[in-house]
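Q: Per numbering that gives the first Met the number 0, the very first residue in the sequence shown carries number 0; after that it's consecutive. Just so you know, even glycine gets a beta-carbon here, dropped at the ideal spot from N, CA and C. This one's a predicted model, so the numbers in the text were calculated from it and none came from an experiment.
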Amino acid sequence: MPSRRKDLTKEVVLITGGGRGIGRHLAREFAKQGARKVILWGRTEKCLKETAEEISLSGTECHYFLCDVANREEVYKQAKVVREKVGDVTILVNNAAVVHGKSLMDSDDDALLKSQHINTMGQFWTTKAFLPRMLELQHGHVVCINSILSQSPIPGAIDYCTSKASSLAFMESLTLGLLDCPGVGCTTVLPFHTNTEMFQGMRVRFPQLFPPLKSEVVAQRTVDAVRADKAFLYLPWTMHALVLLKSFMPQVALEEIHKFSGSYTCMNTFKGRT
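This is the structure:
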């Protein structure tokens, strides 16, 4: 049965990686759906400022702060600043991520660590910073923009797939841990390849069958899932079938599917940014 949608007019939303890509569209959508305040975190001031000005012009109060979620001390420090200057965060959206798109042997050690620190450990620090107050208020929501690659990895993006799998385990555990906490929920979004600057150059063998998702669509569906208190969201819905097939098909069959779909070579022309 369709559930009653949550009212966002009293919500203070913080989005990591909020300056561009999906993060920027998330800020637009939360503002469009009536969020009281939107807070952007990121590492590039120019992008953050542009997005904050756009959201403010739309009529929603918007603030931005420079923060690298991989830096634990910086996260805790900026969380304190946010509470003092803006107020309590009631919706935390962990969106910040990086991808290097290389095989294990071609990857720089520091780059591998960077992926794990931002894509996985950053969620530990931001959630520890804001969840306690949500529990006190008995009101809040933790959102993770994950990836279908957390459950169906591809070659050539070992750092990203590994970090997203860890991130998914974090969210599954957190979601179960909050079942007895009234008023506080979780949403994990697992989209297929999304057409963003970060994945520039990634090639899908059959784009007509599996077209890249648009960032604005991911943002719209994410906000709708938050309003509906939906725990897990697969985009598109056909990704459910992929996960189901993987659960019972033998490894040799999965390898043939990967060969047919071209996932072995999809990162060969990767030009993304970190």
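1) Taking only the alpha-carbon atoms, compute the straight-line gap between Val242 and Thr119 and give it to the nearest angstrom.
2) To which residues of the same chain is Asp108 closer than 8 Å at the C-beta, ignoring the five residues directly before and after it?
3) By how many angstroms is the C-alpha of Ser114 removed from the C-alpha of Thr273?
4) Determine, using beta carbons only, whether Gly86 and Thr50 come nearer to each other than 9 Å.
5) Please identify the residue among Asp179, Val88, Phe191 and Leu25 whose C-alpha is closest to the C-alpha of Ala224.
6) For Glu135, does the three-state DSSP call read helix, strand or coil?
7) Evaluate Ala276 with the Cβ neighbour count: other Cβ atoms within 10 Å of its Cβ, from every protein chain shown; 16 or more gives buried, anything less gives exposed.
8) Need the endpoints of the beta strand (DSSP E) that His99 sits in, please.
9) With H, G and I counted as helix, E and B as strand and the rest as coil, what does DSSP make of Thr186?
10) Taking Cβ positions, are Ile90 and Val12 nearer each other than 9 Å?
11) Just to confirm the assignment, what range does the alpha helix (DSSP H) spanning Gly163 have?
12) How many Å lie between Ile147 and Ile153 at the Cα?
13) Going by C-alpha distance, which of Ala95, Asp228, Leu232 and Thr193 is nearest Lys213?
14) Based on the DSSP secondary-structure assignment, which residues constitute the bridge partners of His62?
15) From the DSSP output, read off the bridge partner residues of Leu212.
16) Rounded to whole angstroms, what's the CA-CA distance from Ala156 to Leu175? Just pull it up for me.
17) Does the Cβ-Cβ distance between Leu130 and Val183 come in under 9 Å?
A: Concretely, from the data shown:
1) As a working mapping, residue 242 is identified with position 243 in the sequence shown. As a working mapping, residue 119 is identified with position 120 in the sequence shown. Taking the straight line from one Cα to the other gives about 21 Å.
2) If you number the sequence shown from 1, residue 108 lands on position 109. Correct list: empty, nothing qualifies.
3) Along the sequence shown, read from residue 1 onward, the residue named residue 273 stands at position 274. Along the sequence shown, read from residue 1 onward, the residue named residue 114 stands at position 115. Interpretation of Thr273 is limited by its pLDDT of 49, a score under 50 that renders its predicted location unreliable; the figure taken from the coordinates is listed afterwards. Roughly 9 Å separates the two Cα atoms.
4) Taking the first residue of the sequence shown as position 1, residue 86 is located at position 87. Taking the first residue of the sequence shown as position 1, residue 50 is located at position 51. Result no, Cβ atoms of Gly86 and Thr50 do not sit closer than 9 Å.
5) Numbered from its first residue, the sequence shown carries residue 224 at position 225. For the residues Asp179, Val88, Phe191 and Leu25, the minimum Cα distance to Ala224 belongs to Leu25.
6) The count along the sequence shown starts at 1 and reaches residue 135 at position 136. Of the three classes helix, strand and coil, the one that applies to Glu135 here is helix, per DSSP.
7) Not covered by the structure: residue 276. The range shown for the chain is 0 to 273.
8) As a working mapping, residue 99 is identified with position 100 in the sequence shown. Per DSSP, His99 belongs to no beta strand (DSSP E) and is neither H nor E.
9) Here residue 186 refers to the residue found at position 187 when the sequence shown is read from its first residue. Assignment of Thr186 by DSSP, reduced to helix, strand and coil, places it in the strand class.
10) Here residue 90 is taken as the residue at index 91 of the sequence shown, counted from 1. Here residue 12 is taken as the residue at index 13 of the sequence shown, counted from 1. Cβ atoms of Ile90 and Val12: closer than 9 Å.
11) Taking the first residue of the sequence shown as 1, we reach residue 163 at position 164. Strictly speaking, residue 163 in this sequence is Lys, with Gly absent from that position. Start and end: Ile157 to Gly176.
12) As a working note, residue 147 is residue 148 in the sequence shown. As a working note, residue 153 is residue 154 in the sequence shown. Roughly 10 Å between the two C-alpha positions.
13) Stepping through the sequence shown from its first residue, residue 213 is reached at position 214. For Lys213, the nearest C-alpha among the options comes from Thr193.
14) On the sequence shown, position 63 is the one that residue 62 refers to. The bridge partners DSSP lists for His62 are Ile38.
15) Counting from 1 along the sequence shown, the entry for residue 212 is found at position 213. For Leu212, which the question treats as bridged, DSSP gives the partners Thr193.
16) Here residue 156 refers to the residue found at position 157 when the sequence shown is read from its first residue. Here residue 175 refers to the residue found at position 176 when the sequence shown is read from its first residue. Each residue's alpha carbon lies about 29 Å from the other.
17) By one-based count along the sequence shown, residue 130 stands at place 131. By one-based count along the sequence shown, residue 183 stands at place 184. Yes, the Cβ-Cβ distance between Leu130 and Val183 is below 9 Å.
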